[in-house]
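Residue numbers (numbering that gives the first Met the number 0): 0 to 422. Backbone N, C-alpha and C fix where the C-beta goes; we use that ideal spot for every residue, glycine too. Working notes, beginning with the structure itself.
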Amino acid sequence: MSTQTANATAHESMFEAVLARLDVAAKLMNMSEDVATILRSPIKQVKVSLPVMMDNGKIQVFEGYRIVHSTVLGPSKGGIRYAMDVNQDEVMALAAWMSFKCAVANLPYGGAKGGIKCDPRAMSVGELERMTRAYATSMKDVFGVNKDIPAPDMGTSGREMAWILDEFNKVTGEDSPGVITGKPIVIGGSLGRDAATGRGVMVNTLAALKKMNLNPKEITAAVQGFGNVGSHAARLLAEQGIKIVAIGDHTATFYNEKGIDIKEALEYAAKNGRVLKGFKGGTEIKSNEILTCKCDVLVPAALQNVITEEIAHGIQAKLIVEGANGPTMPEADAVLNDKKIIVVPDILANSGGVTVSYFEWVQNKAGYYWSENEVNTKHDEKMELAFSSVWHNASHYKTSMRIAAYITALQKIEQGVQLKGNY
Ligand code: NAD
């Protein structure tokens, strides 16, 4: 196993790192070389410049992207990220992950991703709204209910989705709520969507603990990131009896071996500009120490590339459930495999969000809305099935869950390519 992942050595580009893992999986499952060739290039790459009037009366031009990786299994689906490190390579990698994630979760979608290089925390609401509307208008020919359906990602939320929907409706002259997911409930969002990615992390954690014969009530966990994914994951894991011993965000990180009161942390963050700085429920530790602290389950739910080879050597957890996209570097995978740490990979672990986005799209198309209980029940069923398929492939191909998740996705995409045919 370690030799398979060792081939996926350090890559400067995130997209190259995705391809390296794809190559390992493709070889193991004996996938057609033609299909691998197709998947090495995204089918559409759009880059736009967005001139926006800032509050100081000056124009600032923002760089925006939308990259569609694949539409083999259906219209493309993927979030929109606002961050300073957004770039073409990163968006390509995230788009490819979406193709694999949707296939693993058995959703009728291909994969895409979008982003704007900006620092949303340093912008006013007005500036964010103007920039978001400019982005939506520039993508009017890319987005579409049966074409390409965006959603929130890091730095965006229901608020931005509402602006994008409004702008899209204006330029098309139609009301198309299904063109975007992760919307506020009142304008066509789905109950359960907000917590869905964290819920998926919880369902995958419980499924993995069961396979490991571990009782959740005797388990400790550390969760990096206290935004959409991390905060819901921490809350839902705690509700299952798992003791959360560490939490952190970009402002502060806390450890408490007796367990952190997550309800208290949520209330604190809600009153404190959605950040944890100043929280009194644990001892403050250095940001990176959360990854190597004493715990059974580690949930990285903030940034990519945080688990480096060096950090991997220090990790004490037995199980890692990747809430974030791409938190583990390829060279760290080999170390984690050697240490027999089970990693539930991002394309499985955080697919709860896109699963409920799919439910939102279905509800929008039908114009009929489900109860939260119905959404959660359907979500949990889909996640458990996806987990079982990946676990099965890991055992069948004697490989890691990460490579098994790629195999699970590639099996479906390969079939799709072969059935649809080519020029
Ligand atoms: P978010 O913007 O809501 O939250 C991000 C969190 O990460 C914040 O708490 C922030 O403070 C924290 N953070 C930022 N820098 C940090 C640092 N240096 N150290 C510790 N914490 C830091 O974003 P999100 O939607 O929760 O997304 C988090 C990750 O999950 C991303 O990788 C995203 O792609 C992935 N993801 C999100 C969804 C979703 O539905 N939101 C779905 C799938 C995957």
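Review point. What residues in its chain sit with their C-beta under 8 angstroms from that of residue 334, if we drop five residues either side in the sequence?
Key: 308, 311 and 312
Point to revise | For residue 75, the three-state DSSP class (helix, strand or coil) | key: strand
Check your understanding: Going by the CB atoms, is the gap between residue 115 and residue 63 shorter than 8 angstroms?
Key -> yes
**Study point:** Local conformation of residue 420 per DSSP, three classes
**Key:** coil
Practice item. Classify residue 100 as helix, strand or coil using the three-state DSSP reduction. Key: helix
Point to revise | For residue 149, the residue or residues it bridges with in DSSP | key: 77
Exercise for review: Output yes or no for whether 8 angstroms exceeds the beta carbon distance between residue 319 and residue 342.
Suggested key: yes
Point to revise | Exposed unless 16 or more other CB atoms sit within 10 angstroms - verdict on residue 9 | key: Bear in mind that a pLDDT of 46 at residue 9, under 50, signals an unreliable position, so the number given afterwards is only what the model happens to contain. It is exposed - the Cβ of residue 9 has fewer than 16 other Cβ atoms within 10 Å.
Check your understanding: CA-CA distance, residue 70 and residue 108?
Key -> 7 angstroms
Check your understanding: Using a threshold of 7 angstroms, is the CB atom of residue 331 nearer than that to any non-hydrogen atom of the ligand NAD?
Key -> no
**Study point:** Contact under 8 angstroms by Cβ, residue 407 with residue 388
**Key:** yes
Review point. Alpha carbon to alpha carbon, how far is residue 290 from residue 303?
Key: 13 angstroms
Practice item. Run the CB neighbour count on residue 218, radius 10 Å, all protein chains shown included, and call it buried at 16 or more, exposed below. Key: buried
Practice item. Please indicate yes or no: does the CB of residue 233 lie closer than 7 angstroms to some heavy atom of the ligand NAD? Key: no
Review point. Under the criterion of a Cβ to heavy atom distance below 7 angstroms, does residue 318 qualify as lining the ligand NAD?
Key: no
Point to revise | Check: residue 225 C-beta below 7 angstroms from any heavy atom of the ligand FAD | key: Summarising the ligand content, the structure contains the ligand NAD and does not contain the ligand FAD.
Practice item. Consider the C-beta atom of residue 286 and the heavy atoms of the ligand NAD; say whether any pair is separated by less than 7 angstroms. Key: yes
Check your understanding: Which first and last residues belong to the beta strand (DSSP E) in which residue 142 is found?
Key -> Careful: residue 142 lies outside any beta strand (DSSP E) and carries neither H nor E.
**Study point:** Between the CA atoms of residue 233 and residue 261 - distance to the nearest angstrom
**Key:** 7 angstroms
**Study point:** Cut-off 6 angstroms between Cβ atoms - residues of its own chain near residue 42, not counting five sequence neighbours on either side
**Key:** 67
Review point. What are the boundary residues of the alpha helix (DSSP H) that includes residue 192?
Key: 192-210
Point to revise | Any 3 or more C-beta pairs closer than 8 angstroms across the segment 122-137 and the segment 92-110 | key: no
Check your understanding: Pick from 328, 271 and 44: whose alpha carbon is nearest that of residue 18?
Key -> 328
Review point. How is the beta strand (DSSP E) around residue 21 delimited, first residue to last?
Key: Note, residue 21: premise wrong, no beta strand (DSSP E); alpha helix (DSSP H) at 13-28.
Point to revise | Simplified DSSP state of residue 225, which is helix, strand or coil | key: coil
Exercise for review: Find the nearest neighbour of residue 176 within the set 356, 405 and 386, judged by alpha-carbon distance.
Suggested key: 356
Exercise for review: At 4 residues or longer, and completely inside the segment 274-320: list those alpha helix (DSSP H) runs for me, N to C.
Suggested key: 288-291 and 308-313
Check your understanding: So, is the C-beta of residue 376 closer than 8 angstroms to a C-beta in chain D?
Key -> This model lacks chain D altogether, as it is built from one protein chain only.
Review point. Does the Cβ of residue 54 lie closer than 7 angstroms to at least one heavy atom of the ligand NAD?
Key: no
Review point. In its own chain, which residues sit with a C-beta less than 8 angstroms from the C-beta of residue 0, not counting the 5 before and 5 after it?
Key: Below a pLDDT of 50, predicted positions are generally treated as unreliable, and residue 0, at 32, falls in that range; no measurement from the model is reported.
**Study point:** Reference residue 49; option with closest CA among 214, 131 and 189
**Key:** 131
Review point. Any heavy atom of the ligand NAD within a distance shorter than 7 angstroms of the CB on residue 106?
Key: no
Review point. What is the residue span of the beta strand (DSSP E) that residue 64 lies within?
Key: 58-69
Review point. Excluding five sequence neighbours on each side, which residues of the same chain lie with their C-beta closer than 6 angstroms to the C-beta of residue 12?
Key: 88
Practice item. Have a look at residue 3 and residue 103 and give me their C-alpha separation to the nearest angstrom. Key: Residue placement at residue 3 is poorly supported in this model, since its pLDDT is 36, which falls under 50; the coordinates still yield a value, given next. Straight-line Cα distance between these residues: approximately 21 angstroms.
Point to revise | Contact test: residue 200 Cβ vs the ligand NAD heavy atom, cutoff 7 angstroms | key: no
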